Structure formats: structure tokens, C-alpha cells
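Residue -13 is where the sequence shown starts when you use the working numbering, and the numbers rise one by one after that.
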Amino acid sequence: MNRIITLAAAAFCCLAATAQDYGKITGEYEIPPVPEWAENAVFYQIYPQTFCDSDGDGIGDLQGIISKLDYVKSLGVDAIWFNPFFDSPFNDAGYDIRDYYKVAPRYGTNEDARQLFEEAHKRGLKVIFDYVISYTAIDHPWFVESAKQEKNKYSNYYIWTKTNWVDPPKEFAGSFIKGYGKRNGQFMRNFYWCQPALNFGFSNPDPNEPWQLATDHPDVIAMKNDLKDVLRFWMEMGADGFRADMAGALTKTSQTSGNEQFHNTRENATKLFWREIRQLLEEEFPHGFMVAEWSYPADALDNCFHVDFFHWFNGYNDLFQKESWRILNGVSEGHSYFDAEGKGNITDFLASYMDQYEQTKGKGYISLPLGNHDNARLGNRRTDKELEIIYAFGFTMPGVSFLYYGNEIGMKQLPCDWPQVEGAYQPRNGARTPMQWNSGANLGFSTADPSKLYLPVDPAEDAPNVADQENDPNSLLNRTRQLIALRHSEPALANYAEFVPLYAEKDTYPFVYARAAGEDVVLVLLNPRAEASEASFNVNVPFRKTKLLMGDEIELDHDRKTGNVSVKMPGQSYSIIKLL
Ligand code: GLC
């Protein structure tokens, strides 16, 4: 039964009176229409290059991953997302796919992939692959054909202008490459210059630029059908879904992206394609799960995807990214909320998050990934305690949690001034170093000579590793396991359970929110800064006592008549408490 209790009065203490009202705890929730296995799933992300090398060539491989599936299972996660393991020239670490139907020989064979899926399933783990379809590698056979002057089946699979000498309209500045191949035209790229954009058509083709095809042009449809077959191939082999790379960037628009009206037309055209894919899954692979790298959940979850990664926005940087990383990458100013210095601000993040959360409730899930291969590691000059507070946040937020390999043991961002590796410019390379299994040679990742490793291992004397942390009940590894287990065992922490911020004030700490499912209510209190902090807020559901589920003891006073709660938290602490 849902519990809806209204607040009696507004005359709370001064802090509560000035706080932004994010609503009341109702205990109501809606499970979004996702495959049942994914309703409450937690994912682990594996970067195949650097997880485990079984054949001693210095690069991770699928057999290496298979040998570590018991470990992955022991974390308590439900599913794995693999970064691309397909045949590739590796100009962008395998995102540049040359053969959609073949595992890259350095990782093994298609048989190994089949075995990987089977072995994962035997352990109750689901598997999603990286579906990278906004472009291909420059030496993909489709592009090789497309780059020929003679017209052929693939000429329109990519976006080519009429001639090499006339630049496309200025809104495309920087997006086209000229002087490549034999075809007289410039081709559009989607990321690096060597990643030619597949042609999903233009939402509003410019009649003066006939090379801009409509989204329903027969050649565009033929290309899309080929991509659907790629999806069928991996789903038939045993995949349980996919993560779509650059999902929002498929169709193009002939107008400047700053223009909202045309931006929307493009987004809408892209959504139409993903809806076709959703339908394909529902008809042919109803267990199939769709995860977007779109970073605009209101679009991505609009009858398209089940989950959207919400991390390409400043609010995500405001949570996790160190100032130095921001300066290096020019992404934004400011400080991380989760740093001991205590200069962060939670409110900008929360405003963006709540906007998307309200728009997508019951439609799908938002994911705030706990690290990934494109960002600096969360363990970027952070202690285990600081990381634990971050994970307490990550594993108690609604939506689907994704944990990046190695973060469970606190692997560090390496200060890489090395040259880039396979398109991994700083800080990507320092976040992709080999998994640290033990304190032996190459930290247990590989038997290769260290000079042959894909990327060097962490050279620090005290580099964290799995073996050391396994037997220490207080290790970050074991605390991460506990947090994941708690997420699964507490109804109020389920992916779909209600989320209500209770205390989130500009430029101060702590951050407090409730999660609720029916009668179950859990409060999460986070004080990552070194200094102690205090807060007062109102909890509109009655409770007699509290039970600390995980984290630190804090002082908590509760006025049962008014529902007012005041808390005092020590520096660098968190508390996950259940209301009883
Ligand atoms: C995605 C991937 C990233 C890649 C880019 C271009 O953002 O996560 O690693 O470089 O797409 O494919």
C-alpha cells in the first residue's frame, strides 16, 4: 500500500524554510517498461584491452575475461557491458569498426565470444555489447566502396558532398574531410577524421544541396537494414542487449545546431530510428536491453532506450571531476562536490538531474555511471574513503548503476603524459590502464614483458589490487560489494524506487535524500567534505526509530510531531539509514 502523508505546517527551522522544496515522500513508484531481468540490474563495465590477458601478448582478451567471470559475479552485479571487441584498425580503441561480424583477432574468435556469453549466462550474468553505428572505421569495406568514384551500392552509405573543392555550408565547418580517396567529394566524419559518418539522412535536407538525402531515401533504408542485421547477429549469438555509442548523433540537420527548432527535428528523426530498433527487439528479442550514450534522457527514453547515460553535462563534472581535469579538457570551471576540500555545489547538478528525472519517471532509467573509459578515473587523487562515499551515492541513486572495472578496488587515474594510445588522449589513457589483480608481475594482468603491455600498469608501491583486498572485510572492494548487495536487498533502493531530495543547498554540505518504495523508506546522507556539517529538513512520513544500514553513525534528532529532523555529520562520512 502506498503511504501518502501531507505536511501539517510550514513553520520549520530556518534551514528548512529556505530550502528548495523538491516534494514529499509518497512511496509511489512505477517500474519502467524494461525487460524483467533489467528492472533492478547493476552493471559492470569491462574494457577488453586491459582486463585480463590470457595469452601473454600484453593485451587483454576474451578468454582472459572468461577466466575472471567468477570474480565479476562475486561483486554482486547482474550484467556486463563490454566496450567494442570487433575487428578494427584501432584508431579509436576499437570504436572504429572494420568488420561488424568478427571479433578482433587480438581478443580471440567469434567462438570465444559465444563461449563468453554462455559462461556469463551460466553464472546468471547478462551481457551487452557496444553497438557503434554512427560511423565505421575508415577501412570498413562499405567505406572503401563508398570512396570510389564509380557509383555503387555503398556510394550513399556515407555522407559525401558533390565536389572536393566546394565546402559544405558553414554550419558544417570542421565536420567534413577533403582530399581523401578517389571520389570527388568531401566526406562527413562523426568523431575523429578517420570515422566517416554513416548516412542516416537529413531531417530537413536543403534543396540546394542535393547530396543531403532524406531519412527515407532507399539507400539510407538499405544501410539501416544492414545495421539491423548486425544487431540480430550478436543477439542471436547470445547478447542480452547493447549500449549505443553516440546514440543521439545519427541523423543530421542542414541547420545550425544552435537553432532549437532544427535541433529538435534532428533529435526526432534520430528517435524514429531507435524506435524501429526497439520494435525489432520487442518482436524478435524481447529480453533485449537498450542503453544509450545520449546524455539527454528526456529524448533517449522517449519510447527509444531503456537507459541513458547522463554524463556529458556539467552537472556530472560538478559531482566528480577534479578541477585540474576540467582545466586540461576545457569542460567547465568549478570543484567536485565529492572532494574533501568541500568547495563543491550540489544544486546545479540536482537542477539538471531533477529536470530529466521528472520528465522520464516510469519511462526508463537514468544512469550516472561510476566512471567509464572516457573520463578520468574517480580514483583521481582520492582516498578509499572518498571513493566509498561516491559509491554510497552511486549505488543509492535511482536508475541503473554502471561500475567501471577497477573502481571497486580504487584504481588510480595515472598521470599520463604518455603519447596517446589508440585515440586515448589524456585523460582517457590514464583511465584505461590494466586491471590490478595481485601484487605480482604486471599486477597479475599479463605475463608479457612490461614493454609489450597495451598500457603500463600503475607503478606505485601501494597500487591497490584484488588479492590484497579480497580478505580484508573493510577493503573498498568488500564495501563496494556490500553497497551493491544493499541496493538489491532494500526495496527502497531499487532502481525504480522513488527519489526525493531533502536537503541540497548551494555551496554547502551535506546532501540528503530519501528513497522510498511503498512502506519502505531509506535516507541517504552524504558529507564528503573534511569538515563536519549540519542540516535540518523535514521528513513527511512518520517513523519511530532508525536503523543504520551502512556507513557512519551520525547524530540525528527527530521531532515526531512536526517531522523535523536535524543531523550532525562528522567530516568525510555517509549514512544510509532505514526509517522504522
Ligand atoms: C563514445 C565512446 C568513445 C569514443 C567516441 C567516438 O563517446 O565512448 O570512447 O571515442 O564515442 O566513438
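For glycine and all other residues, C-beta sits at the position ideal for the given N, C-alpha and C.
A quick note: this is a predicted structure, and the numbers were derived from the prediction, not measured.
What are the start and end residues of the beta strand (DSSP E) that includes residue i?
| i | result |
| --- | --- |
| Q31 | 28 to 32 |
| G520 | Before going on, a small fix: residue 520 reads as Glu here, not Gly. First-last of the beta strand (DSSP E) with E520: 519 to 524. |
| K59 | Counting along the chain, K59 falls outside any beta strand (DSSP E), though it belongs to the alpha helix (DSSP H) covering 55 to 60. |
| Y302 | Premise fails: Y302 lies in the alpha helix (DSSP H), 300 to 306, not in any beta strand (DSSP E). |
| L462 | Looking at the DSSP string, L462 is not in any beta strand (DSSP E); the run it does join, the alpha helix (DSSP H), is 462 to 475. |
| A502 | 497 to 503 |
| D294 | 293 to 295 |
| L400 | Neither: L400 is in no beta strand (DSSP E) and is coded neither H nor E. |
| D543 | 541 to 544 |
| V443 | No beta strand (DSSP E) contains V443, which DSSP labels as neither H nor E. |
| I563 | 559 to 565 |
| G537 | 532 to 537 |
| D506 | 506 to 513 |
| N550 | 550 to 555 |
Confirm the yes/no value for this check: CB of residue i, any heavy atom of ligand 1, distance under 7 Å.
| i | result |
| --- | --- |
| H126 | no |
| G160 | no |
| H359 | yes |
| F295 | no |
| Y495 | no |
| G234 | no |
| G409 | yes |
| F177 | yes |
| V452 | no |
| Y440 | no |
| V216 | no |
| D73 | no |
| I117 | Reading off the sequence, residue 117 comes out as Tyr, not Ile. It does not: the Cβ of Y117 is nowhere closer than 7 Å to a heavy atom of ligand 1. |
| D435 | no |
| Y81 | yes |
| E25 | no |
| E279 | yes |
| D538 | no |
| V78 | Just to set this straight, residue 78 is Asp in the shown sequence, not Val. True, at least one ligand heavy atom lies under 7 Å from that Cβ. |
| D153 | no |
| D506 | no |
| P231 | Note that residue 231 corresponds to Asp in the displayed sequence, not to Pro. Answer for D231: yes, Cβ within range of ligand 1. |
Between which two residues does the alpha helix (DSSP H) harbouring residue i extend?
| i | result |
| --- | --- |
| Y489 | Y489 -> not in any alpha helix (DSSP H); beta strand (DSSP E) instead, spanning 484 to 489. |
| F37 | First-last for F37: undefined, no H or E at that position. |
| Y129 | Sequence check: residue 129 is Phe here, not Tyr. Segment 127 to 132, the alpha helix (DSSP H) holding F129. |
| A326 | Premise fails: A326 is in no alpha helix (DSSP H) and is neither H nor E. |
| V452 | 452 to 456 |
| A230 | Looking at the DSSP string, A230 is not in any alpha helix (DSSP H); the run it does join, the beta strand (DSSP E), is 227 to 230. |
| A278 | Premise fails: A278 lies in the beta strand (DSSP E), 275 to 278, not in any alpha helix (DSSP H). |
| D567 | It is not possible to answer for residue 567, since the shown part of the chain is limited to -13 through 566. |
Cβ of residue i less than 8 Å from any chain B Cβ?
| i | result |
| --- | --- |
| P528 | Structure shown: chain B not included; a single protein chain is present. |
Item to check | Three or more C-beta pairs below 8 Å linking the region 369 to 377 and the region 328 to 344 | outcome: no
Next on the checklist: My parser needs the alpha helix (DSSP H) runs of 4 or more residues fully inside the region 137 to 207; what are they?
Outcome noted: none
Next on the checklist: Please give the ranges of any beta strand (DSSP E) in the region 344 to 391, keeping only runs that are unbroken, at least 3 residues long and fully inside the region.
Outcome noted: 351 to 353, 387 to 390
Checklist entry - Is there contact between the region 428 to 440 and the region 38 to 51, where contact requires at least three CB pairs shorter than 8 Å? => result yes
Item to check | Uninterrupted beta strand (DSSP E) stretches inside the region 65 to 123 (no shorter than 3 residues) | outcome: 65 to 68, 85 to 89, 112 to 117
Checklist entry - Between the region 298 to 314 and the region 485 to 497, do three or more beta carbon pairs fall short of 8 Å? => result no
Item to check | Contact the region 93 to 100 vs the region 56 to 65: 3+ CB pairs below 8 Å | outcome: no
Checklist entry - So does the region 73 to 85 actually touch the region 486 to 495, counting three or more Cβ pairs closer than 8 Å? => result no
Checklist entry - Just checking, does the region 108 to 120 make contact with the region 215 to 230 on the three C-beta pairs under 8 Å criterion? => result yes
Next on the checklist: Count Cβ pairs between the region 156 to 166 and the region 186 to 205 that sit closer than 8 Å; are there 3 or more?
Outcome noted: no
Checklist entry - Quick check: the region 280 to 300 against the region 347 to 362, are there 3 or more CB pairs under 8 Å? => result yes
Checklist entry - Would you call the region 378 to 396 and the region 505 to 524 touching, i.e. three or more CB-CB distances under 8 Å? => result yes
Next on the checklist: Quick check: the region 252 to 263 against the region 132 to 146, are at least 3 beta-carbon pairs closer than 8 Å?
Outcome noted: no
Next on the checklist: With a threshold of 8 Å, are at least 3 pairs of Cβ atoms found where one atom belongs to the region 22 to 42 and the other to the region 514 to 534?
Outcome noted: no
Item to check | Segment contact flag, the region 391 to 401 with the region 358 to 371, C-beta cutoff 8 Å, min 3 pairs | outcome: yes
Next on the checklist: Would you call the region 410 to 422 in contact with the region 323 to 338, where contact means no fewer than 3 C-beta pairs closer than 8 Å?
Outcome noted: no
Checklist entry - If we count Cβ pairs, one from each stretch, closer than 8 Å, do we get three or more for the region 207 to 227 versus the region 278 to 288? => result no
Next on the checklist: Quick check: the region 522 to 529 against the region 546 to 560, are at least 3 beta-carbon pairs closer than 8 Å?
Outcome noted: yes
Item to check | Contact between the region 121 to 128 and the region 175 to 185 (3+ Cβ pairs under 8 Å) | outcome: yes
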